[in-house]
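Working notes, beginning with the structure itself.
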Amino acid sequence: MDAFVTRRVVAKASTTNDDDDARKRRRVAPTNDGWRTFDDSLLARLDAACEPRAKIAAFDLDDTLQKTKSGAKAFAARADDFTTLNEHVPRVLRALHDDGYKICIFSNQGGVKGALDGKRATSVRARLALLATTLETPFQFYGATQMRENDVKKYRKGEIGMWRKMVAEHNGGVAPDLKASFFVGDAAGRAQDHSAVDKEFAENVGVRFFVPEQMFVEGEAWK
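In our numbering, the protein residues as written are 41 to 263.
See the structure below:
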């Protein structure tokens, strides 16, 4: 499939019992927040309800899953200023989970730097707690907090250190199916984009790439 071609498919109607079963499989409330830090350069939220899977649906955070209500830049916004990018985000992530995908978020959070318990890091944690409540779907979050020479583990996108960390330590030994997996992000190198790091990340991992406008629409664009 061409990564920039969106296929719209009308979702099949579900019975009430099917919906109830899906909610149980999602375990809508995370069993714990599971925050950990690594190498003075990585914040990770390892939800215990997020099971190892071969199919990975991975996303950027800022201007992909979330935007600010005020229009402020993400690094300067309060945790309660964030909302989902559009009304399709929760539905799409729930559908992906129910279709056998593990949800992962890979985000550059350079404003945190090495202060993994500082004010910026606390704000990131608060944002993700609110997002978890909205999505009602288990996910893992990885935030790269260092830049350039301080990013010794190459966590920052478009490097793939965050992906490697997830695969090596936080996917239960299950190897990702790269053909079935994909990454969604807004930094695609287009004229209006601030960079191409999301597209580069997907290419370096070896998975399909979508921009948010392709994914968060009616239907099931990932199929």
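Yeah, the Cβ is synthetic: ideal placement off N, Cα and C, and Gly gets one too.
{"Query": "Assigned exposure category for valine 152 - 16 Cβ within 10 Å defines buried", "Result": "buried"}
{"Query": "Simplified DSSP state of leucine 218, which is helix, strand or coil", "Result": "coil"}
{"Query": "Cβ shell of alanine 220 (< 6 Å), same chain only, five flanking positions each side left out", "Result": "Lys95"}
{"Query": "Under the three-state DSSP convention, the category leucine 147 falls into", "Result": "Residue identity differs from the one stated: residue 147 is serine in this sequence, not leucine. Strand, per DSSP."}
{"Query": "Per-residue DSSP class, three states only, for threonine 174", "Result": "helix"}
{"Query": "Nearest-angstrom Cβ-Cβ length linking threonine 264 and proline 252, presumed shorter than 8 Å", "Result": "No answer is possible for residue 264: it lies beyond the span of the chain, which begins at 41 and ends at 263."}
{"Query": "Paired residues, beta bridge with arginine 248 - DSSP", "Result": "Phe222"}
{"Query": "Residues of its chain near serine 110, where Cβ-Cβ distance is below 6 Å and the 5 sequence neighbours each way are ignored", "Result": "Asp121"}
{"Query": "Residue range of the unbroken beta strand (DSSP E) whose run includes alanine 184", "Result": "180 to 184"}
{"Query": "Enclosing beta strand (DSSP E) for glutamine 84 [first to last residue]", "Result": "Per the sequence presented here, residue 84 reads as alanine, with glutamine not at that position. First-last of the beta strand (DSSP E) with alanine 84: 82 to 86."}
{"Query": "Straight-line gap, valine 207 to lysine 193 (C-alpha atoms, nearest Å)", "Result": "15 Å"}
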